[in-house]
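Beneath this line is the structure, given in structure tokens, with notes to follow.
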Amino acid sequence: MALAPGLIDAYENADYVVFTDPELVLRIGEPSPRLDALLEAEGATAAAYITAANPRSAAKDRRGERERRRHARRAAG
């Protein structure tokens with residue numbers, strides 16, 4: 000499934016927030032010194048950002064979104 004250009008633009012310009020203290024904000028194509036430091040401290044060479052908020056970029060109702068977040072939290076432990 001190809002993504003519409005407007006959707007690609009939205010993803011590329013979004014802030015991806017990791018709710019830590021302090022927050023870690025990631026952006027596609029932009030280096031993150033904080034993430035680099037975290038990876039180095041953990042001895043890791045790569046990271047992934049996974050969210051259940053909008054699977055397959057399809058519009059979903061708010062109730063379904065809450066259910067997906069709850070499921071993702073349970074699956075993550």
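Per numbering that gives the first Met the number 0, numbering of the sequence shown is gapless, rising by one per residue and ending at 76. All C-beta atoms, glycine included, are put in the ideal place defined by N, C-alpha and C.
In terms of CA proximity to residue 69, 50 leads the group 50, 38, 56, 29. Residue 26 holds the alpha-carbon nearest to the alpha-carbon of residue 9 among 26, 33, 75.
Rounded to the nearest whole angstrom, the C-alpha separation of residue 17 and residue 58 is 22 angstroms.
The beta carbons of residue 45 and residue 34 sit no closer together than 8 angstroms. Shown here for residue 5: not one same chain residue has a beta carbon closer than 8 angstroms to its own, the five before and five after excluded.
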